[in-house]
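*Asks:* Before I ask anything, let me first share the structure, which is written out below as structure tokens.
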Amino acid sequence: MSQSFRQMLADTKRAIKEATADQVRARQEQGDDLVLLDVREPDEVTNGYIPGAVAIPRGYLELRVEQQLPDREKTVVIYCAGGTRSALAAKTLQEMGYTDVVSLAGGFQAWAERGYPSIVPRILSPSQLKRYSRHLLIPEIGMEGQGRMLDAKVLMVGAGGLGSPAALYLAAGGIGTMGIIDSDVVDETNLQRQILHTTASVGTPKTESARKTLNAINPDVKVREYNERLTSQNINEILKDYDIVLDGSDNFATKYLVNDACVLQGKPYVHGSIFRFEGQITTCVPKKGPCYRCLFPEPPPHDLAPT
């Protein structure tokens, strides 16, 4: 470290406020409304982070902080690994108009040594860090959210016009396990809208076609095929292994069947439907709101149901 940098850092620390890990933790326990800002690099965060912290790597701070921390009046506690980058970041935020900025002396290392709460996220491989790098920069996802996505298990009911785009985006985003249930085979008339499938898939089971497409997009995703109709005899056994169910079925009997099984098992249920240029999506969470049967107690008469 050059003398000039030592002097600059010393001047910076005189111009900002610092707090020890004990002081920050005491304020948390008192209920103070603190915003924690982690300015380390994503690979450093894999060693652990303070719960609730917003992650913005130091190199992106000026570009992103106003969007992610719009309230300049809140107390912002910044931390890095050892306290140097956080001090420089605190000075930057002061210059940007943030009125109460604190650097955590000793950084995350001091926090961890004191045994204060921290979370060790799922460790991503170098390939995953690169693949999901844009997610890791979004505060609503970050390392913790991406880890939860990779651990998640989603069942897709139907691999047709509704299931296709949903499955593609879930796979691209890094959902760890995806079940696909569909008893149909790919027909040429499907191809103009069912984008999971290709011309080469015509005549093959939709579940097989879906698996090949999804794994071509993201080999991280474990795809389970259920090349069968969903019935009252098999639905409970199939659903029990999944965290959430996405229903892209095209008939009311299946929609009510899926809804009832999700209510019984306490599974969140995302229902999608489409008619020509109109679409509808509804999420039902058992015991936290109405279910599909609450919204639509009876299916429409057969002669009025759109086809």
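Okay, so the sequence shown: first residue is 111 according to our numbering, each after it adds one.
For each residue, glycine too, the CB sits at the ideal point set by N, CA and C.
On the premise that T287 lies in contact with K350, defined as a C-beta separation below 8 Å, what is that separation, rounded to the nearest angstrom?
*Replies:* The residue labelled residue 350 in the question sits at position 240 within the sequence shown. The residue labelled residue 287 in the question sits at position 177 within the sequence shown. Their Cβ separation, rounded to whole angstroms, is 13 Å, which puts K350 and T287 out of contact at 8 Å.
*Asks:* Quick one: what's got a C-beta closer than 8 Å to T341's C-beta in the same chain, skipping five residues either side?
*Replies:* Mapped onto the sequence shown, residue 341 falls at position 231. Around T341: L367.
*Asks:* Which of the three DSSP states is assigned to P275 in this structure?
*Replies:* If you number the sequence shown from 1, residue 275 lands on position 165. P275: helix per DSSP, three-state reduction.
*Asks:* Got a sec? Which residues, its chain only, sit under 6 Å from T392 by beta carbon, not counting five neighbours each side?
*Replies:* To locate residue 392, count along the sequence shown from 1; it is residue 282. H381.
*Asks:* In the structure shown, what three-state DSSP assignment does K263 receive?
*Replies:* Here residue 263 refers to the residue found at position 153 when the sequence shown is read from its first residue. The answer is strand: DSSP assigns K263 an E or B state.
*Asks:* Beta strand (DSSP E) containing C372: first to last residue?
*Replies:* Indexing the sequence shown from 1 puts residue 372 at position 262. First-last for C372: 362-375, but that is the alpha helix (DSSP H), not the beta strand (DSSP E).
*Asks:* Whose C-beta lies closer than 6 Å to the C-beta of R195 among residues of the same chain, with five residues either side of it excluded?
*Replies:* For the purposes of this step, residue 195 is identified with residue 85 of the sequence shown, where counting begins at 1. If we look at R195 and ignore the five residues flanking it on each side, its Cβ neighbours are V149, R168.
*Asks:* Under a Cβ-count criterion, where at least 16 other Cβ atoms within 10 Å of its own Cβ denotes burial, should T308 be classed as buried or exposed?
*Replies:* Counted from its first residue, the sequence shown places residue 308 at position 198. Exposed, by the Cβ-count rule.
*Asks:* Using only CA atoms, which one of C401, R386, F362, N361 lies nearest to L374?
*Replies:* Within the sequence shown, the letter at position 264 stands for residue 374. The residue with the shortest Cα to Cα distance from L374 is C401.
*Asks:* Please list, in chain order, all residues of the same chain as T323 whose beta carbon is under 6 Å from its beta carbon, the five residues on each side excluded.
*Replies:* Residue mapping note: residue 323 aligns to position 213 of the sequence shown, counting from 1. Excluding residues within five positions, the ones whose Cβ falls inside 6 Å are L306.
*Asks:* Suppose only complete runs of 4+ residues qualify. What are the alpha helix (DSSP H) ranges in the region 154-216, listed by chain order?
*Replies:* Runs of the alpha helix (DSSP H) inside the region 154-216: 171-178, 194-205.
*Asks:* Would you please state the rounded distance, in angstroms, between the beta carbons of A197 and L171? I believe it to be under 8 Å.
*Replies:* Within the sequence shown, numbered from 1, the residue matching residue 197 stands at position 87. Within the sequence shown, numbered from 1, the residue matching residue 171 stands at position 61. Contact flag wrong, Cβ pair sits at about 13 Å.
*Asks:* On a Cα-Cα basis, can you pick out the residue from P236, T130, R241 that is closest to Y189?
*Replies:* As a first step, residue 189 must be located in the sequence shown, where it is residue number 79. Comparing Cα positions, the closest option is T130.
*Asks:* Just to check my reading of the structure: I290 and A269 have Cβ atoms closer than 8 Å, yes? What is that Cβ distance to the nearest angstrom?
*Replies:* As a first step, residue 290 must be located in the sequence shown, where it is residue number 180. As a first step, residue 269 must be located in the sequence shown, where it is residue number 159. Contact holds; Cβ gap of about 5 Å.
*Asks:* Taking only the alpha-carbon atoms, compute the straight-line gap between K320 and P378 and give it to the nearest angstrom.
*Replies:* Locating residue 320 in the sequence shown gives position 210, counting from the first residue. Locating residue 378 in the sequence shown gives position 268, counting from the first residue. In the sequence under discussion, the amino acid at residue 320 is Ala, which differs from the Lys named in the question. If I take the Cα positions, the gap works out to 23 Å.
*Asks:* Work out the CA separation of Q140 and Y208 for me, nearest whole Å.
*Replies:* Within the sequence shown, the letter at position 98 stands for residue 208. Within the sequence shown, the letter at position 30 stands for residue 140. So the alpha carbons of these two residues sit roughly 23 Å apart.
*Asks:* For F218, does the three-state DSSP call read helix, strand or coil?
*Replies:* Taking the sequence shown and counting its residues from 1, one reaches residue 218 at position 108. DSSP places F218 in helix when its eight states are reduced to three.
*Asks:* Cβ atoms of L280 and M253: under 9 Å apart, would you say?
*Replies:* Counting from one through the sequence shown, the residue named residue 253 turns up at place 143. Counting from one through the sequence shown, the residue named residue 280 turns up at place 170. Result no, Cβ atoms of M253 and L280 do not sit closer than 9 Å.
*Asks:* Can you name the start and end residues of the alpha helix (DSSP H) that L356 belongs to?
*Replies:* Within the sequence shown, numbered from 1, the residue matching residue 356 stands at position 246. Not the alpha helix (DSSP H): L356 falls in the beta strand (DSSP E), residues 354-357.
*Asks:* Can you name the residues that DSSP bridges to V333?
*Replies:* In the sequence shown, counting from the first residue as 1, residue 333 sits at position 223. DSSP lists M288 as partners of V333.
*Asks:* Can you tell me whether I391 is helix, strand or coil according to DSSP?
*Replies:* Indexing the sequence shown from 1 puts residue 391 at position 281. Strand at I391.
*Asks:* The beta strand (DSSP E) that contains L146, what's its start and end?
*Replies:* Position 36 of the sequence shown, counted from the start, is the residue given in the question as residue 146. Its beta strand (DSSP E) spans residues 144-148.
*Asks:* Which one of K316, P249, D357 has the shortest CA to CA distance from L147?
*Replies:* Within the sequence shown, residue 147 is the residue found at index 37, counting from 1. Nearest option by C-alpha distance: P249.
*Asks:* Consider the Cβ of E335: report whether some Cβ of chain D lies at a distance smaller than 9 Å.
*Replies:* Among the chains in the structure shown there is no chain D, since it carries only a single protein chain.
*Asks:* Identify which residue in R244, R303, S311 has its Cα closest to the Cα of R386.
*Replies:* One-based indexing of the sequence shown puts residue 386 at position 276. Ranking R244, R303, S311 by Cα distance to R386 puts R303 first.
*Asks:* Taking all protein chains shown into account, do 16 or more other C-beta atoms lie within 10 angstroms of the C-beta of V175, making it buried, or fewer, making it exposed?
*Replies:* In the sequence shown, residue 175 corresponds to position 65, counting from 1. Buried.
*Asks:* Where does the unbroken beta strand (DSSP E) through A129 begin, and where does it stop?
*Replies:* Locating residue 129 in the sequence shown gives position 19, where the first residue counts as 1. A129 -> beta strand (DSSP E) spans 127-129.
*Asks:* So, for K123: in the same chain, excluding its five sequence neighbours on each side, which residues have a beta-carbon less than 6 Å away from its beta-carbon?
*Replies:* In the sequence shown, residue 123 corresponds to position 13, counting from 1. Here the set comprises A197.
*Asks:* Determine the extent of the beta strand (DSSP E) in which Y379 is found, giving its start and end residues.
*Replies:* Position 269 of the sequence shown, counting from 1, holds the residue named residue 379. 379-385 is the span of the beta strand (DSSP E), which, as asked, contains Y379.
*Asks:* Could you check where the alpha helix (DSSP H) with I345 kicks off and where it finishes?
*Replies:* Within the sequence shown, the letter at position 235 stands for residue 345. Note, I345: alpha helix (DSSP H), 345-349.
*Asks:* Under DSSP, the alpha helix (DSSP H) around N325 begins and ends at which residues?
*Replies:* On the sequence shown, position 215 is the one that residue 325 refers to. From DSSP, the alpha helix (DSSP H) with N325 extends over 316-327.
*Asks:* Once the 5 residues before and after P409 are set aside, which same chain residues still bring their CB inside 6 Å of it?
*Replies:* The residue labelled residue 409 in the question sits at position 299 within the sequence shown. Correct list, in chain order: F362.
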